[in-house]
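Just so you know, the protein sequences line up as chains L and S, in that order.
Take the first sequence: its position 61, counted from the start at 1, is 61 in my numbering, and no numbers get skipped.
If you want my numbering, it's the 1-based position in the second sequence plus 1000.
Cβ atoms here follow ideal geometry from the backbone N, Cα and C, with glycine treated the same way.
All values reported here derive from a predicted model rather than from experimental measurement.
What follows is a short report on a single structure.
Number of protein chains: 2
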Amino acid sequence: MKVRSISTLGDYLREQRRNAELSLRQLADLAGVSNPYLSQIERGVRKPSAEVLQQLAKALRVSAEVLYVRAGLLDPSEEEGQEDRSVEMAIRADPALSVRQKRVLLDIYSSFRREAHEEEISEPLRESTTRNRAARRARQED
Amino acid sequence: MKVRSISTLGDYLREQRRNAELSLRQLADLAGVSNPYLSQIERGVRKPSAEVLQQLAKALRVSAEVLYVRAGLLDPSEEEGQEDRSVEMAIRADPALSVRQKRVLLDIYSSFRREAHEEEISEPLRESTTRNRAARRARQED
DNA sequence: TTATTGTGCTTGCAAAAGTTAGCACATGCA
DNA sequence: TGCATGTGCTAACTTTTGCAAGCACAATAA
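Listed below in structure tokens is the structure:
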């Protein structure tokens, strides 16, 4: 199987395992694979099957897709972009929404994104203004 | 590897191959796998790796995800449901949105979905009421 | 009729995935 | 200090995937 980079999948798995504060043996047991095999995977010596990736994902409580992408089994454009632009893209792609509804939702979403960014800079006044503007626009769509 | 049903993936592959009017040898050559192995896969004797599935998907000009689902490597709800619930899920997953913002967006989205559904039944009066309610709620979040 | 080509499949084998037994080292406790 | 336990890894082995060689049968042409 094609691994994106020898170090990508294995490093990610090791990182997630450490984040979860699990030893190699503990994760292997949870995932139902042998601990030497998990060690080999983490070090890039072996390329695990998708089923093993599923088991590891479940044990680490991450999405299997994340591991598939890192293992080269799914295209990143189908997975990575989801987090950045997934709300925008999802709204645009939703067949149940009219063009108008999409525009309203996208505007509100954009305001919220801007607002969340400005909350980091701590400007509560701007926040209130932005939200009023978004709500007014929603009403004007009637 | 876990195959959803012995007959599901293999039957699907054989069906797609016949739709494409390819012999077993032709598809195997296109996909870059041996023809006996393809025969075994179609009959459910062997369970192919995800990489082989990628190759077959490309040769058959279908999405690899479709084959992954049939092979039990992806959940159908994550692939088929994507279109239905992707806006909801995307909003929930977006780290840039606060809990409150998420709730607002989800409420508006739900209203729009209901509204679009009711547009199909042709009730313009209900449409206007629903939109006003959604906008009012957006304001109340200040 | 025979010879050729096409089709799907069988069987033995090679390569890769995955496991078992055990090693070297670290840590904790009496 | 010695012993027990935990940790990650090595190497031999087992199982599974995928291939190569070839078989049986069907279709076609001379």
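1. Just to confirm before moving on: does the CB-CB distance between V33/L and V52/L stay below 7 Å?
2. Among S49/L, Q26/L, R43/L, which residue has its Cα nearest to the Cα of N59/L?
3. Check whether the Cβ of G1010/S lies closer than 7 Å to any Cβ atom in chain L.
4. Touching or not, the stretch 83-102 of chain L and the stretch 36-48 of chain L, by the rule of three or more beta carbon pairs under 8 Å?
5. Just the chain S side, please: which residues come within less than 9 Å of Y109/L by C-beta, in chain order?
6. Just to make sure I have the definition right: I need the residues of chain L whose C-beta is within less than 7 Å of the C-beta of V1066/S. Which are they?
7. Which chain L residues are close to L1056/S, counting only those with a beta carbon under 9 Å from its beta carbon?
8. Would you decide whether R1018/S is buried or exposed? Buried here means 16 or more other CB atoms lie within 10 Å of its CB.
9. Using 7 Å as the limit for Cβ to Cβ distance, is I1025/S near chain L?
10. Can you name the residues of chain S whose CB is closer than 9 Å to the CB of V45/L?
11. Y187/L to A90/L, Cα distance in whole Å?
12. Within the 7 Å Cβ cut-off, does A200/L reach chain S?
13. Helix, strand or coil for V1066/S per DSSP?
14. So, L1056/S versus A1031/S, is the Cβ gap smaller than 7 Å?
15. I want to verify the contact list: residues of chain S whose CB lies under 7 Å from the CB of V69/L, in sequence order.
Checking against the coordinates, here is how it stands:
1. For the purposes of this step, residue 33/L is taken as the residue at position 33 of the first sequence. For the purposes of this step, residue 52/L is taken as the residue at position 52 of the first sequence. Cβ atoms of V33/L and V52/L: closer than 7 Å.
2. Translated into the one-based positions of the first sequence, residue 59/L becomes position 59. In the sequence under discussion, the amino acid at residue 59/L is Ala, which differs from the Asn named in the question. That would be Q26/L, whose Cα lies nearest to the Cα of A59/L.
3. In the second sequence, residue 1010/S corresponds to position 10, counting from 1. With 7 Å as the cut-off, G1010/S does not count as an interface residue toward chain L.
4. no
5. Here residue 109/L refers to the residue found at position 109 when the first sequence is read from its first residue. Near Y109/L (Cβ distances below 9 Å), the residues of chain S are I1091, D1094, L1097, Q1101, L1105.
6. Position 66 of the second sequence holds residue 1066/S. What V1066/S touches in chain L: nothing, since even the nearest Cβ is about 13 Å away.
7. The count along the second sequence starts at 1 and reaches residue 1056/S at position 56. The premise fails here: L1056/S is roughly 13 Å from chain L at the closest Cβ pair, so nothing lies under 9 Å.
8. As a position in the second sequence, residue 1018/S is number 18, starting the count at 1. R1018/S should be labelled exposed.
9. Mapped onto the second sequence, residue 1025/S falls at position 25. Per the sequence shown, residue 1025/S should be read as Arg rather than Ile. By this cut-off, R1025/S is not an interface position.
10. Here residue 45/L corresponds to residue number 45 of the first sequence, with the count starting at 1. Within chain S, no residue comes near V45/L; the closest Cβ sits about 18 Å away, beyond 9 Å.
11. This structure leaves residue 187/L out entirely; chain L is present only between 1 and 142.
12. This structure leaves residue 200/L out entirely; chain L is present only between 1 and 142.
13. Locating residue 1066/S in the second sequence gives position 66, counting from the first residue. It is helical.
14. For this step, residue 1056/S is matched to residue 56 along the second sequence. For this step, residue 1031/S is matched to residue 31 along the second sequence. For L1056/S and A1031/S, yes; Cβs fall inside 7 Å.
15. By 1-based counting over the first sequence, the position of residue 69/L is 69. None at all; the shortest Cβ gap to chain S is about 12 Å.
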